[in-house]
Amino acid sequence: MMVNNIRNINGVKHEGLVSTTQRQATGSFASILSSSIKISKHASERLKFQNINLDETILRKLEEAVKKAEQKGLKNDVLILEGDRAYIVNIKNRVVVTVKDMSSLKDNLFTNIDGVLMI
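Numbering-wise (the numbering used here), the sequence shown opens with residue 238 and increments by one.
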């Protein structure tokens, strides 16, 4: 994966975001990279640590959820629940901020969440 420094409209530099638009990989991983959803460095580390694989189906579901959130006017972070996983996604920047396995959610508190989508 290539790590890019991304600037948003305000000119704020977001370091450590992993671009999913790069097409340098092969096989099913290439389809993940072609997604419009980006994976933050933190989320990427969590995926690795928790041995969670993001496949094309899940990415497509996340993209659909982001579109629904945008249609409802949500702009900030949204909690997306899919199966036994929870994803925090920044809608404005279309970035998966973090990923948690549902079994490890006990006693967790999520703040500054605009909404919750169950997909």
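Glycine is no exception: its CB is placed at the ideal position from the N, C-alpha and C atoms.
Cβ-Cβ distance between residue i and residue j below 8 Å
i	j	result
residue 276	residue 333	yes
residue 331	residue 289	no
residue 327	residue 349	no
residue 311	residue 344	no
Among the options, the one whose alpha carbon lies nearest that of residue i
i	options	result
residue 291	337, 315, 330	337
residue 298	281, 346, 324, 282	324
residue 340	351, 318, 356, 329	318
residue 287	346, 347, 335	335
residue 306	285, 329, 343, 282	329
residue 356	342, 320, 346	320
Counted within 10 angstroms of its Cβ, other Cβ atoms place residue i as buried (16 or more) or exposed
i	result
residue 315	buried
Whole-Å CB distance - residue i paired with residue j, under 8 Å assumed
i	j	result
residue 354	residue 302	5 Å
residue 274	residue 293	Rounded, the Cβ-Cβ distance is 11 Å, inconsistent with contact.
>> Ignoring anything shorter than 3 residues, give me the beta strand (DSSP E) runs that lie fully in the region 315 to 348, in order along the chain.
In response: Counting whole runs of 3 or more residues, the region 315 to 348 contains the beta strand (DSSP E) stretches 322 to 327, 332 to 338.
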